[in-house]
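Participant:
What follows is the structure, given as C-alpha cells:
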C-alpha cells in the first residue's frame, strides 16, 4: 500500500488520542459530552478510512453505528439527561488537571513502549494503530478513574470502547462477530446505564457515584 | 487380620450413621454404646493378638479410596498394634461407662452419631500407611471430637472452647501436611513406604521434626501448644473427655513416633535436646496449673499435659540415644514412653470416669462444693483412690513402674558423647522429679477435697452411688493399674515388639527373671520388684494390725473432731481448694503465673465478710496467643476500609493493576 | 449415539435460548418456575449425552475434556439452583420482598445467563467465548439489582461498571491474540479458532501474546473475582437474590476461570512469553490472604461467604499458577467441588435468611437447635468449604499445599497461613450462627433440602472415592494445562 | 539353707530397725534436753509412750472414714519396708534387691501421701494446714532427694543402695566435690522430711507453726502409736541412709560371716549414736524457720543436688 494512505490512518488514530486528551482536560459536563461526540466522529472517520484501504465494506457498518449512535444519539440523550437532572454545573476532577495530563502522557508512552516491543512481523500499520488504540483505552480508563460524576464516567467508558473499535478495525480481517459484539456491548451498556440512571433518578436527585456509595451493605 | 480390623472399623462408621437414623428412638443410647462396646472389644482383642504374634512382621492392605492413583494404604505392625490396643481398651471402657452415664445426656442426638465415628477415626489414624489416609483420619478425628465437645453447645464457653480446639487442630494438621509434603516431594508419592525409602537427610529431617512437633504436639497438648486442651477436654461429656485425654493424646504420640522415628530419616543429636526441653516444660507447667485448678475435670486435663510431657521427655531420651547408636538405652527410654502412655490411658480414663460420676451425682465440678464422697460413693472412692496413687507415681502402682524406667534411662545419660545432652538430661530429670512430687501433691488435693473431709455443699451431702455400668468401667480400668504395677516385667515384654519396631532394639527379656524382678540394664545397676514390695507392705501392715488388735486395745469411740480443742467451727472452716494450693502458689505461682491474692478486709465493725480474690495467668496464652489473635484482628480492622471504598477507587485498583502489569512487561527481558 | 452428539450440542444452546424466549412472554411465576426447571433439566440431559459421545470440533464449537466437565457441572448446578429458586422466589413473593412486576423477566434472564455460560463453554472461537462470558455477566447484573433497594442498586451499579471495564479489557486481549495469530493462521475466522491457535501457539508473536494475556488476565480475572479486581463480588452476592448468589459463586466465576485457563494453555505452548503461572500464582495468593483477613469483620452472612468464594478462587488460581500435573489436578478438583459446596451453602443461607428475616450474623444463632436440618447442612457445608474431611475439598487442598511446599516452601506456607486465618474467621462465625441458644425467629421453614443435600452428598463422595473416568479427564486436562 | 540364712538375716535387720528406732528418738530428745540444761525424759520414754498409746482406746472424729483408720498401718508398713531396703549393718541383704534408692524415695512418698490424706479426712482446718504444708515441703524435698540419688547412682554406677555402699567402701570412691554437695543436700532433705528444726518443730503444738503434728492431730490411741513409730523408723532410716552412703566403714559385705555381721551391728549402733548426737546439736543450735521461707531452703537443696550431678559430669569428662 502507499504510505500516504497509512499516514491518513495514523493521523485519524492520533486525532482520536488527541480528543481523548481534550476530554481528559475538559471538566465541564456538557462540553465533555460534546467532546465525546467529536471522539466518536473521529472514530467513525478512522473506521471508514480503514474500510476503504482494507476495501472491507462491512466496516462501513461499524463506522455508521459509531457515527449514528455514539456521535449523535448518545450525546444528545446525555445532554438531555443532564439537563433533566440539572447538573451542568462545574465538575471538578478528583486530581488536578495538570497531574491528570502528565499521567495521560505517561500512559501513552507506556502504550507505545509495550506495543513497539512487538517485532515488525505484524504489519506496521496494525502495530502503530494498536499502540494508539491502547493509549485511547488507557486514557479512557484514566478519565473514568479521575471523575466523580457518573455521566462523565460513562463518557470515559465510551471513549474506552472507541479505542476498542479502533483496535478491532485496525486488526485487518477480524471476523465481523467482533464488531457486532462491540456495537452490541455498547448498546447493552447504554441501555443498562440508562436504566440505572433512571432508577437512580427515582431514588435520589443526583447521579454522584459518591451518593451511591453511601448505601453500602455493612455500614452501621 | 487387618481385613478384620478394617471391617470392624467400618462397622463403627456404619454405627454412626445408624445413630443418625434412630436419633429419635429412646433405645438409641443403649444400642449405640452397646454396639461400640462390642466392636471396640473385638478390635482390642485383635490388636492384642497382633501385638503378641506379629513380632517384626507386618500386615498390609490397600483400598481403592482416597487419592485415585494411590489408594489408601493400611499397615499393621507391632507399633500400630500396641497403640490400637491402648485406644480400643480405652474406647471399650468408655462405651461401657457411657451405657450408664449416657442416660444423663440432655441431647443424645448431639453425641451418639459422632462417638463411633470418633473411635473409628482414631483407629484409622493408627492403621493408615500413607500421608493422605493418615491426615484424612487425623482431621476426621478432630472434626468428630469437635462435634462432641459441642455436645452441650448452650454454654458459651463450650462453644468458644470448641472453636479454639478445632482451629488448633487444623493448625496441627496443616503443619503435618507441610511436613508430609516435604517428605513426599513434588512427585507426591505419599505412601509411608516410599517416604521411608527416600531417607531424607540433614535439614529436611530437622524441618520435618519441627513440623511434627507442631502437628503432633498441638494434638497432644505439648507446651506451648496446650492452651486448647484444658478448655476442650472438660467441655465434652465425661466419657469423651476420658477418650480425648486417655486415647486421642496417645494417637498424637503415635504420630510423633511414626514420623520422627521412622520417616524423618537419621536423627541428629540435638533433636533429642529439643524434645526433652519441651517435655520437661510441659511436665512442670501442666502439673502446676493442675495444682491451682479448682474445676475437677479441668484439673485432670492439666494433669494430662503433665503426663504428655513425661512421655515426650522419654521420647526425647530415646531420640538422643538413637542418634548416638545406643540401642539398649534407646529401647529402655522408648519402653518407658510406651509403658507410660499405656498407664496414663488407664488411670486418666478412670479419673475422668470418676469425675463424670461425681458430676452426675452432685451436679458440680467445683472442688469447693464437694467433699466427703468416700462415705456416699464408697465403691467409687476405692478405684479413684487407686488411680490417684497410680498417677502420683507411687509404688507399687503402674505409674511408678514407668516413671522408674524413665529415671533409669536418665541414669544412662553420662554415656552420651554430646555436652549439651550431658547437661540437659539431668536438668530434665530434675523437672520430671519435680513434676512427680507436685503430681502427688495435686492428687492429695484432688482426692482429699473431693472424697474426704465433710461435704461442702448440700448437693455433695446428698450424693448417691453411681450406676453399675459406670462402676464396672471404672473398676475395669483401675484393676489393670494395679496389675501393671505389680507385674511390670510382663508389660515390658508385651510392648517389646512395638519398641523393636520403633527403635530397632529391645530391652532384655524380663519374664524369666527370679521373683518377677525387672532389671532394665544389669542387675548390678538397678532392679525393682513390684510384687515383692506389695506383698511385704500388705503382709507387715496386716500382721501389725492383727497384732495390735489382738494384744493391745481394739476399743474405738466416735466423737466430735478434736481440732486442737477449737471444737466444731463449721464446715466452712475446712481447707478449701484455694487454701490448700496456697503454699505452692506462693512458692511457684507468683513467678511463673504471676499469681496474685487480693484480700479485701472490711474496716473494723463492718459486717461485710472479708474476701480474698485470687488470679493467675497462663504465661503462654498471654505471651503468645493473645498477641497473635490481636494481630490478626488488627490487620482485619486495618484492611476493613477496603470494603467501603467508592466505585471509582475500586476502578482505580483495576487501572493501577493494569498499568503495573504493563510496566512489568515493559521492563521485562 | 455419536449421531446424537451434534444435536445434544446444539440443544445445549437452543434449549436455554428457546426457554428464555418463552419465559419472557409467559405470565405467572409458578408455571415459569416449572418451565425454568424443565429447561435446566433438558440442558443437563444434553450435557450428559455429550459425556458419552462428542462431536468433532467445528471452527465455532468444541467439546473436549476441559469443557465437558464444566458443561456437566454447570448444567447440574443450574438445575439444582432452579429447583431451589422456585421455593425461594415463592417465599419472597409471599413475604412481598419481590413483586410480580419485578419478577417479570427473572426466569427469562436466568435462562439467558445459562445460555451465555453454555456458549462460553462450548465456543471454539475465542471471540464467541468472549461473547458468551459477557452475555452471562450482563444478564446477572440485572438480576443483582432486582430488589431495587439502595444497596441492591448500588451493588448492581458497581458490578456493572467494573464488569464492563472487564469486558473491554478482555475484548482488547482477544483482539491482540487475533493480531498475533493472523500472520500465522491467516486472516479471518481461523485466526480465532482455539484448536488451531494451540496447535500453532509456538509460532505466535510472544510480545503480543504477553500484552494480550495481561489484558485477558485482568479482564476475565475481574469476573473470577481476583484481588484487586474483586470489589463487585461481595456486594453482588450479598444484595442479589440468593439463587443468583449461588449461581455467581457456583458457575460464573468458574466460566471466567475456564476462559482464563484456555489462554494459559495457549501461552504455555509458546517459548518466548512470560510464564503466565507466575502472575496467576501471585494474584491467587494475594486473593487468599486478603479474603482471609476480610472475613473477620463481616456482619452480613452472604457477604461472608462471598469473601470465602474469593479466597477459594485464589486457591484455585494459585494451584493452576503453580502448575504441574498434581497441582492442576487439585485445582480442577477444587474448582468443581467448590462450586458444588458454595452453592449448597448459599441454599442453606438463603432459607436461613428467609426464616430469620435478616442476613445479619449477629441476629442469627443456635440454628442447629432451632432448625436442625438447616443448621447441620450449614455446618456440613462450612466444614466442607474449610477443607475438612470426609469432604472432597480436603483432598484438593491436601494436594495443593503438599505438592507446592516441596517446590516453593514459602509460597505454600503463606497459602497454609491464609487457609488457617480464613478458617478461623469462618469457624467463629459458624459457631455463633449454628450453636448456642437460638436467636431470631424459630418458626418452621418451608425449604427444599434436596439441592443442598445432593451437592453435599457429591462432595462427600468425592472425598472418599473419585470415579476413574472423572480422574482420567482431570489428569488429561492437568497435562494439557502443563 | 542359704535362703533360710538370708531370710533370717533380713528378719534380724528389720527387727533391729524396729527395736532401735524409738531408742534413737529418745536419745536425741535426751541429748537435746541435756544441751538445753534440762533433765529431759528418760532414754526409754518413747517405748513407754508407745505402750501407753497402744493400750488406750481410739477416739475417732465423726467424719473419719475407713481410710483414716487403715492409714496408720499402711504408713507404718511402707516406712518399715523402706527401712528394710537400707543396708544398715550389712550390704546385699536378700530383700534389698527388690528396690533401689528411687524406690525407697517413692515408698516414703506414698507414706506421706496417706498421711496427708488422713489429715484431710476428718474435715478439720488443722488437718488441712498440715497436709498442704507437708505436700509443699515434699514437693521440693522429693526432687532434691532424687537428684541426690542421681549423683550417688552416677558415682557408683548403680542406683542399688547396697552397691552404692559397697562402692563407697571400696577405695575407688575417693573424695569428690559432688559427694560433699550431695551430703549437704541430703541432710537438708532429711531434716525436712523428718519434721525437724528448722523446718518443723516436733515438740510444738503452736497452731501456726506446726506441720507434721497438725496432720496427726486427730489421731489417738493405737493409731497415734503406729504413726509415732513410723516417724521413729523414718528418722532412723535417714540416719542409716546417710551412714551407709557416707560412712560405710565396717559394713558387712555380701555373704559375710557371723562375726562380720556382729561387727557391722556394733558399728551401726555407733553410727546411729553419732548421727543422733549431731542432730541434737544442730537442732539446739538453730531456730525454726517461717513456713514460707522453707521453699528457699529446700530449693537450695534441690539446686545442690542438680549442681552435684552436673559437677559429676565435669569431673567425669575432664
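Chains as they are written, first to last, in this note's numbering: chain A, 5 to 224; chain B, -16 to 652; chain C, 140 to 621; chain D, -14 to 303.
Backbone N, C-alpha and C fix where the C-beta goes; we use that ideal spot for every residue, glycine too.
1) So residue 34 of chain A and residue 144 of chain A are supposed to be a Cβ contact under 8 Å. How far apart are they, rounded?
2) Can you check which of these residues, D:41, D:126, D:176 and D:72, is closest to residue -3 of chain D by C-alpha distance?
3) Does the CB of residue 319 of chain D have a neighbour CB from chain B at under 8 Å?
4) Can you tell me whether residue 195 of chain D is buried or exposed, with buried defined as 16 or more other CB within 10 angstroms of its CB?
5) Between the region 340 to 352 of chain C and chain A, which residues of the former have a C-beta closer than 7 Å to a C-beta of the latter?
6) Using the rule of at least 16 other Cβ atoms within 10 Å of the residue's Cβ for burial, across every protein chain shown, is residue 582 of chain C buried or exposed?
7) Whole angstroms are fine: how far does the CA of residue 231 of chain C sit from the CA of residue 214 of chain C?
8) If the criterion is Cβ atoms closer than 8 Å, does the pair residue 120 of chain D and residue 235 of chain B meet it?
9) Hey, quick one: how far does the beta strand (DSSP E) through residue 46 of chain B stretch, first residue to last?
10) On the DSSP letters alone, give me the boundaries of the beta strand (DSSP E) that residue 276 of chain B sits inside.
11) What's the gap between the Cα of residue 24 of chain D and the Cα of residue 434 of chain B?
12) Residue 428 of chain C to residue 549 of chain C, Cα distance in whole Å?
13) I want to verify the contact list: residues of chain G whose CB lies under 7 Å from the CB of residue 634 of chain B, in sequence order.
14) Answer yes or no: does any C-beta atom of chain D fall closer than 8 Å to that of residue 541 of chain B?
15) Let me check one thing: in DSSP terms, what residues is residue 541 of chain B bridge-paired to?
16) Helix, strand or coil for residue 557 of chain B, going by three-state DSSP, please let me know.
17) What separation, rounded to the nearest whole angstrom, lies between the Cα atoms of residue 238 of chain D and residue 85 of chain D?
18) Using alpha carbons as the reference points, say which of D:201, D:281, D:232 and D:276 lies closest to residue 54 of chain D.
19) Rounded to the nearest angstrom, what separates residue 71 of chain B and residue -2 of chain B at their Cα positions?
20) Output the distance between the C-alpha atoms of residue 267 of chain C and residue 606 of chain C, rounded to the nearest integer angstrom.
21) Cβ of residue 196 of chain B less than 8 Å from any chain A Cβ?
22) Kindly indicate which residue of B:626, B:166, B:303 and B:463 has the alpha-carbon position closest to the one of residue 445 of chain C.
23) Grab me the residues of residue 375 of chain B's own chain with a C-beta within less than 6 Å of its C-beta, minus the 5 sequence neighbours each way, in chain order.
24) Got a sec? Which residues, its chain only, sit under 8 Å from residue 44 of chain D by beta carbon, not counting five neighbours each side?
25) Check whether the region 507 to 514 of chain B touches the region 374 to 389 of chain B, counting contact only when three or more Cβ pairs, one atom from each stretch, lie closer than 8 Å.
26) Taking the alpha-carbon positions, what's the residue 21 of chain A to residue 311 of chain C distance?
27) I need the DSSP call for residue 63 of chain D, collapsed to helix, strand or coil.
28) Taking only three categories from DSSP, how would you classify residue 314 of chain C?
29) Can you round the beta-carbon distance between residue 575 of chain C and residue 142 of chain B to whole angstroms, since I take them to be within the 8 Å contact cut?
30) Below 7 Å between beta carbons is the criterion; list the residues of the region 115 to 127 of chain D that meet it against any residue of chain B, in chain order.
31) Could you tell me which chain B residues have their CB closer than 7 Å to the CB of residue 212 of chain C, listed as they occur along the chain?
32) Which residues of chain B have a Cβ atom closer than 8 Å to the Cβ of residue 139 of chain D, listed in chain order?
33) Report the CB separation of residue 162 of chain C from residue 153 of chain C in whole angstroms; it is logged as a contact under 8 Å.
34) Have a look at residue 117 of chain D and residue 567 of chain B and give me their C-alpha separation to the nearest angstrom.
35) Going straight from the alpha carbon of residue 256 of chain C to that of residue 70 of chain A, what length do you get?
36) What first and last residue would you give for the alpha helix (DSSP H) that runs through residue 136 of chain B?
Facilitator: Judging by the given coordinates:
1) In fact, because the Cβ distance is near 19 Å, the residues do not count as touching under 8 Å.
2) Just measuring C-alpha positions, the residue of D:41, D:126, D:176 and D:72 sitting nearest residue -3 of chain D is D:72.
3) Because residue 319 of chain D is not part of the residues shown, which for chain D are -14 to 303, the question remains open.
4) It counts as buried.
5) 344, 346, 347 and 350
6) exposed
7) 25 Å
8) no
9) 42 to 46 is the extent of the beta strand (DSSP E) around residue 46 of chain B.
10) Segment: none, residue 276 of chain B is in no beta strand (DSSP E) and carries neither H nor E.
11) 46 Å
12) 14 Å
13) As a matter of chain content, chain G is missing from the structure shown, whose protein chains are A, B, C and D.
14) yes
15) Residue pairing of residue 541 of chain B in beta bridges, as defined by DSSP: D:45.
16) coil
17) 17 Å
18) D:201
19) Linking residue 71 of chain B to residue -2 of chain B through their CA atoms gives a straight-line distance of about 16 Å.
20) 32 Å
21) no
22) The residue with the shortest Cα to Cα distance from residue 445 of chain C is B:626.
23) 422, 423 and 426
24) 205 and 206
25) yes
26) 17 Å
27) DSSP places residue 63 of chain D within a helical segment (H, G or I) once states are collapsed to three.
28) Here DSSP, grouped into helix, strand and coil, assigns residue 314 of chain C to helix.
29) 6 Å
30) 116, 117, 118, 120, 121, 123, 124 and 127
31) Taking a Cβ-Cβ cut-off of 7 Å, residue 212 of chain C has no neighbours in chain B, whose nearest Cβ is about 18 Å from it.
32) Under the 8 Å cutoff, chain B gives 394 and 397.
33) Wrong, their Cβ atoms sit about 14 Å apart, outside the cutoff.
34) 8 Å
35) 29 Å
36) Residue 136 of chain B -> no alpha helix (DSSP H), and no H or E assigned at all.
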